[in-house]
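Asker: In the working numbering, the protein residues as written are 107 to 459. Quick one: structure below, then a few questions.
Rendered as structure tokens:
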């Protein structure tokens with residue numbers, strides 16, 4: 107039963123392989139590559155569901171080597187710089203398997219729906235290749251054991267969103283929307299890069315999620331550095347999850363094909379920012395004193411404040427739209443604001459689930 111939890115890498119590997127196959131042989135197939143994408147996502151969905159069941163049914167008692175682990179992680183040395191080891195690996199826990207099931211379900215439905223919606227498109231095969239790579243990017247972020255590895259998945263989604271939003275680039279509105287989404291989210295990406303760099307050097311040169319959280323929670327990192335690292339990560343969250351003031355790209359992203367809008371809005375790109383907060387929650391908890399009673403002082407809770415402002419502004423903007431897709435877009439931004447605010451007030455479970 108635990109095979110899938112010990113071999114988490116298989117899930118992101120499937121859409122990555124399908125991406126290559128669709129690119130190189132997709133046009134020669136009867137369905138122009140869509141069958142490869144759907145088969146890959148169906149397989150990934152089955153493995154994701156298997157992982158969720160395995161996690162739920164894992165032993166709840168044990169001692170010594172059989173003791174219950176809060177997460178399962180396998181890391182391997184990627185390269186060494188002096189005495190510093192840079193590792194890559196895969197991390198399985200309740201958050202990861204939950205996100206896998208959600209992403210797999212939405213992405214599979216989008217793949218299936220797109221077969222008819224995009225049937226007459228001249229770049230049909232290219233579209234399915236981009237969908238597979240997009241899904242792979244989210245899988246990489248969700249299963250990553252470190253901030254550096256998560257950065258690869260984060261950037262893969264950014265690139266694919268640019269390609270998919272601007273899929274019909276002959277229309278200037280579409281190409282402009284793609285460029286706007288790309289450059290706006292790049293602002294957040296700079297914050298992510300700065301944040302993980304600060305935390306890497308502050309936390310005894312580690313990119314590991316769990317190590318960063320534990321060191322931050324136990325005061326093993328200077329609070330000033332934790333605060334600056336969290337602020338930089340928060341900029342990344344604002345950009346990727348369309349929070350105020352970098353929320354303007356998401357409504358314009360509706361210019362892309364409807365299946366792309368569903369994929370971006372429902373399961374992948376915009377939720378990545380909330381996932382980042384959830385995965386590095388120890389850092390945010392320590393930096394912004396999310397629980398004043400535990401810290402003995404009040405902090406400037408940027409997470410909750412940004413989420414609250416976004417809720418109000420996005421809901422107000424939704425009221426004055428005359429395009430149903432724009433109404434849905436601003437509604438999505440507002441709902442993301444609720445998720446971010448929930449994280450900021452300590453309601454981790456409510457924010458994610």
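For every residue, glycine included, the Cβ atom is placed at its ideal position computed from N, Cα and C.
Can we say the region 415 to 423 touches the region 365 to 385, given the rule of at least three CB pairs closer than 8 Å?
Answerer: Taking 8 Å as the limit for Cβ pairs, the verdict is that the region 365 to 385 does not touch the region 415 to 423.
Asker: Could you pull out every residue in the same chain whose Cβ sits closer than 7 Å to the Cβ of residue 355, ignoring the five residues on either side in sequence?
Answerer: So the qualifying residues of the chain are 286, 287, 290, 291 and 348.
Asker: Between the C-alpha atoms of residue 129 and residue 341, what's the straight-line distance to the nearest angstrom?
Answerer: One C-alpha to the other measures close to 34 Å.
Asker: Return yes when at least one heavy atom of the ligand FMN lies under 7 Å from the C-beta of residue 148, else no.
Answerer: As presented, the structure is devoid of all ligands, the ligand FMN included, so that no description of it is given.
Asker: Taking 8 Å as the cut-off, decide whether the C-beta atoms of residue 234 and residue 140 are in contact.
Answerer: Yes, they are a contact pair.
Asker: Beta carbon of residue 154, beta carbon of residue 206: below 8 Å?
Answerer: Yes, Cβ-Cβ distance for residue 154 and residue 206 is below 8 Å.
Asker: Using 8 Å as the threshold, is the C-beta distance between residue 256 and residue 250 below it?
Answerer: Yes, they are a contact pair.
Asker: Decide if residue 182 is buried, meaning its Cβ has at least 16 other Cβ atoms within 10 Å, or exposed.
Answerer: Exposed is the call here.
Asker: Would a C-beta distance cut-off of 8 Å place residue 298 and residue 237 closer than the cut-off?
Answerer: No, they are not a contact pair.
Asker: Using C-beta distances below 8 Å, list every residue in its chain close to residue 275, excluding the 5 sequence neighbours before and after it, in chain order.
Answerer: Here the set comprises 281 and 284.
Asker: Given this structure, state the Cα-to-Cα distance separating residue 308 from residue 253, to the nearest angstrom.
Answerer: The straight-line gap from Cα to Cα measures roughly 14 Å.
Asker: Buried or exposed: where does residue 385 fall if 16 or more other Cβ atoms within 10 Å of its Cβ makes it buried?
Answerer: Residue 385 is buried by the Cβ-count criterion.
Asker: Where in the region 236 to 295 do unbroken runs of the alpha helix (DSSP H), each at least 4 residues long, occur, reported from the N-terminal end onward?
Answerer: Segments of the alpha helix (DSSP H) lying fully in the region 236 to 295: 253 to 271.
Asker: Any chance the region 214 to 233 sits against the region 109 to 127, with 3 or more Cβ pairs inside 8 Å?
Answerer: No contact exists between the region 214 to 233 and the region 109 to 127.
Asker: Which of the three DSSP states, helix, strand or coil, is assigned to residue 319?
Answerer: Helix.
Asker: With a cut-off of 8 Å on the beta carbons, I'd call residue 412 and residue 344 a contact; round off their distance for me.
Answerer: About 6 Å; that satisfies the 8 Å criterion.
Asker: Nearest to residue 333 by alpha carbon, out of 431, 389, 216 and 268?
Answerer: For the residues 431, 389, 216 and 268, the minimum Cα distance to residue 333 belongs to 389.
Asker: Can you give me the C-alpha to C-alpha distance between residue 158 and residue 208, rounded to a whole angstrom?
Answerer: Approximately 11 Å between the Cα atoms of the pair.
Asker: At which residue ranges does the region 126 to 170 contain complete alpha helix (DSSP H) runs of 4 or more residues, listed in the order of the chain?
Answerer: DSSP runs (the alpha helix (DSSP H)) wholly in the region 126 to 170: 140 to 162.
Asker: Enumerate in chain order the residues of its own chain whose CB-to-CB distance from residue 230 is below 8 Å, with the five nearest sequence positions on each side excluded.
Answerer: Closer than 8 Å at the Cβ level, and outside the excluded window around residue 230, lie 138, 139, 140 and 224.
Asker: Please state whether DSSP places residue 301 in a helix, a strand or coil.
Answerer: In the structure shown, residue 301 sits in a helix (DSSP, three-state: H, G or I).
Asker: If you draw a straight line from the alpha carbon of residue 169 to that of residue 429, how long is it in whole angstroms?
Answerer: Because residue 169 sits at a pLDDT of 49, beneath the cut-off of 50, its placement in the model cannot be relied upon, and the point is left open.
Asker: Going by the DSSP bridge assignment, what does residue 187 pair with across the sheet?
Answerer: Paired residues: 190.
Asker: Using the rule of at least 16 other Cβ atoms within 10 Å of the residue's Cβ for burial, across every protein chain shown, is residue 186 buried or exposed?
Answerer: The residue is exposed, with fewer than 16 neighbouring Cβ atoms inside 10 Å.
Asker: For residue 409, which residues from the same chain have a beta carbon less than 7 Å from its beta carbon, with the 5 sequence-adjacent residues on both sides left out?
Answerer: Only 340, 383, 390, 394, 446, 449 and 450 meet the Cβ criterion.
Asker: Can you tell me whether residue 117 is buried or exposed, with buried defined as 16 or more other CB within 10 angstroms of its CB?
Answerer: Buried, by the Cβ-count rule.
Asker: What does the Cβ neighbour count give for residue 324, buried or exposed, with the cut at 16 atoms within 10 Å?
Answerer: When all chains shown are included, residue 324 counts as exposed.
Asker: Just to confirm my understanding: we take residue 311, look at its own chain, exclude 5 residues before and 5 after, and list those with CB closer than 8 Å. What are they?
Answerer: Here the set comprises 190.
Asker: Kindly indicate the opening and closing residues of the alpha helix (DSSP H) around residue 358.
Answerer: That run of the alpha helix (DSSP H) goes 355 to 358.
Asker: By how many angstroms is the C-alpha of residue 426 removed from the C-alpha of residue 262?
Answerer: Cα to Cα, residue 262 sits roughly 34 Å from residue 426.
Asker: Terminal residues of the continuous alpha helix (DSSP H) containing residue 224?
Answerer: No alpha helix (DSSP H) contains residue 224, which DSSP labels as neither H nor E.
Asker: Are residue 267 and residue 375 closer than 8 Å when you measure CB to CB?
Answerer: Contact flag set, yes.
Asker: Out of curiosity, what's the CA-to-CA distance linking residue 269 and residue 360?
Answerer: About 13 Å.
Asker: For residue 160, which residues from the same chain have a beta carbon less than 7 Å from its beta carbon, with the 5 sequence-adjacent residues on both sides left out?
Answerer: Hits under 7 Å: 107, 108, 110 and 111.
Asker: Between residue 52 and the rest of its own chain, which residues show a CB-CB distance below 6 Å, the 5 nearest in sequence each way excluded?
Answerer: This structure does not reach residue 52, given that the chain is present from 107 up to 459, and the question cannot be answered.
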